[in-house]
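Q: Residue numbers (my numbering), protein chains in the order written: chain A, 38 to 157; chain B, 38 to 157.
Submitted below is the structure of interest, expressed as structure tokens.
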DNA sequence: CACCTGGTTCGACGTATGTCAAAATACAAG
DNA sequence: CTTGTATTTTGACATACGTCGAACCAGGTG
């Protein structure tokens, strides 16, 4: 899905969407954007799905490979959509199957927000 | 598999929590625990409060210092409680005021989950 | 075409969540 | 002990969220 109206931080050049959490208090807008990503990982099922995609060989996985998380298939699809909308995953249809892969730059940005905060 | 159970020599109550997200699919229990922390940062107001505490000089802030986030004071208190319950903040009363500070080890653990995943 | 399988969307339902005003608690100072 | 300030708790409310089954869409295969 080339529905890229989400966030402008998938681009090469990777401006981190936000400063480290302990650099200065986040503004309302920064908090709004960043919270969306944390929120996307704030559900156990979504976190398992995300981890399943991220750890799958080749960096991508088809839905059928990761659907075994204890909820119905419509629910899986719903959560994958949420992760996509948060900018954490992208999807592509190839023949019968739909493949999901992680957006590495966004993940790195989130990590920096926390690790820089942690070590400062 | 890094069999390092010795990791947290800092605070009690701090579990190593989880492997990096791309090492292997998280189990249900791991996802449950980890999602709680992400969820705590998944609200804009909470994220601003957390950032305000983390960036405040001395590593701690009294509630009166960070209450200006656009919601009522009971709501601020409610969110601070959530952050405390998620293990991200701790609080201490000193005289009239209540001071909050970040739990650094937990923050570092969350960062590792993401950054290791990002760079692997 | 009809049919099957993989995946998404729709509609509904119960629960969780964010919010506030009002009441309650904790402490300091008269 | 009474008043005043800082913070939390309570109770209520609207909205958001996670979940499911049913219906729907997309491709491959006969």
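No residue lacks a Cβ here, since even glycine has one placed at the ideal position from N, Cα and C.
1) Would you kindly check if the distance between the Cβ of residue 92(B) and the Cβ of residue 62(A) is under 8 Å?
2) Rounded to a whole number of angstroms, what is the C-alpha to C-alpha distance between residue 76(B) and residue 67(A)?
3) Alpha carbons only, please: which of 143(A), 132(A), 74(A), 149(A) is nearest the one belonging to residue 145(B)?
4) Are the region 96-114 of chain B and the region 128-138 of chain A touching by the rule of at least three beta carbon pairs closer than 8 Å?
5) Check the C-beta distance from residue 81(A) over to residue 154(A) and give it rounded, since I have them as a contact under 8 Å.
6) Among 112(A), 110(A), 125(A), 64(A), which residue has its Cα nearest to the Cα of residue 142(A)?
7) Roughly how many angstroms lie between the CA atoms of residue 84(A) and residue 79(B), to the nearest whole one?
8) Using a Cβ-Cβ cutoff of less than 8 Å, which residues in the same chain neighbour residue 89(A) once the five nearest sequence positions on both sides are dropped?
9) I want to see whether chain A comes within less than 8 Å of residue 47(B), judged by CB atoms only; does it?
10) Give the secondary structure of residue 61(B) by DSSP, where H, G and I count as helix, E and B as strand, and everything else as coil.
11) How is residue 126(B) classed by DSSP in three states: helix, strand or coil?
12) For the ligand ZN, any of its heavy atoms closer than 7 Å to the Cβ of residue 77(B)?
13) So is residue 102(A) in contact with chain B if we call contact Cβ pairs under 8 Å?
14) Quick check on residue 106(A): does DSSP put it in helix, strand or coil?
15) Got a sec: which bits of the region 82-93 of chain A sit with their beta carbon under 7 Å from any beta carbon on chain B, in order along the chain?
16) Where do the N-terminal and C-terminal ends of the beta strand (DSSP E) with residue 99(A) fall, by residue?
17) Could you pull the DSSP bridge partners for residue 131(A) from this structure?
18) Do you know offhand how far residue 72(A)'s Cα is from residue 139(A)'s?
19) Beta-carbon within less than 8 Å of residue 117(B)'s beta-carbon, same chain only, minus the 5 sequence neighbours each way: which residues are those?
20) Assign residue 152(B) to one of two classes, buried (16 or more other C-beta atoms within 10 Å of its C-beta) or exposed (fewer than that).
21) For residue 121(B), which residues in the same chain have their Cβ closer than 7 Å to its Cβ, ignoring the five residues on either side in sequence?
A: Looking at the coordinates:
1) Counting from one through the first chain, the residue named residue 62(A) turns up at place 25. Counting from one through the second chain, the residue named residue 92(B) turns up at place 55. With contacts defined by Cβ atoms closer than 8 Å, residue 62(A) and residue 92(B) form a contacting pair.
2) On the second chain, position 39 is the one that residue 76(B) refers to. On the first chain, position 30 is the one that residue 67(A) refers to. Those two C-alpha atoms are separated by around 17 Å.
3) Translated into the one-based positions of the second chain, residue 145(B) becomes position 108. The candidate whose alpha carbon is nearest that of residue 145(B) is 149(A).
4) The answer is no - the region 128-138 of chain A does not touch the region 96-114 of chain B, with fewer than three Cβ pairs under 8 Å.
5) In the first chain, counting from the first residue as 1, residue 81(A) sits at position 44. In the first chain, counting from the first residue as 1, residue 154(A) sits at position 117. Actually they do not touch by this definition, with Cβ atoms about 24 Å apart.
6) Along the first chain, one-based indexing puts residue 142(A) at 105. For the residues 112(A), 110(A), 125(A), 64(A), the minimum Cα distance to residue 142(A) belongs to 125(A).
7) For this step, residue 84(A) is matched to residue 47 along the first chain. For this step, residue 79(B) is matched to residue 42 along the second chain. CA-CA distance, residue 84(A) to residue 79(B), rounds to 13 Å.
8) What you label residue 89(A) is simply residue 52 of the first chain in a count that begins at 1. The answer, listed in chain order, is 98, 102, 103, 106.
9) Reading the second chain from its first residue, position 10 is the one you call residue 47(B). Any reading at residue 47(B) is ruled out, since the residue's pLDDT is 39, under 50, leaving its predicted position unreliable.
10) Numbered from 1 along the second chain, position 24 holds the residue referred to as residue 61(B). Reduced to three states, the DSSP call for residue 61(B) is coil.
11) Position 89 of the second chain, counting from 1, holds the residue named residue 126(B). If DSSP states are grouped into helix, strand and coil, residue 126(B) belongs with the strands.
12) No copy of the ligand ZN occurs in the structure displayed, which carries no ligand at all.
13) Taking the first residue of the first chain as position 1, residue 102(A) is located at position 65. No, residue 102(A) does not count as interfacial toward chain B.
14) The sequence position of residue 106(A) within the first chain is 69, counting from 1. In the three-state reduction of the DSSP assignment, residue 106(A) falls in the coil class.
15) Residues of the region 82-93 of chain A with a Cβ closer than 7 Å to any Cβ of chain B, in chain order: 84, 85, 87, 88, 89, 91, 92.
16) Here residue 99(A) corresponds to residue number 62 of the first chain, with the count starting at 1. For residue 99(A), the enclosing beta strand (DSSP E) covers residues 97-99.
17) The count along the first chain starts at 1 and reaches residue 131(A) at position 94. Per DSSP, 134(A).
18) As a first step, residue 72(A) is located in the first chain; it is residue number 35 there, counting from the start. As a first step, residue 139(A) is located in the first chain; it is residue number 102 there, counting from the start. For residue 72(A) and residue 139(A), the distance between alpha carbons rounds to 18 Å.
19) Here residue 117(B) corresponds to residue number 80 of the second chain, with the count starting at 1. These residues qualify, in order along the chain: 86, 100, 126, 128, 137.
20) Position 115 of the second chain holds residue 152(B). Residue environment for residue 152(B): buried (at least 16 other C-beta atoms within 10 angstroms of its C-beta).
21) Walking along the second chain from the start, residue 121(B) turns up at place 84. So the list reads 127, 128, once near-sequence residues are dropped.
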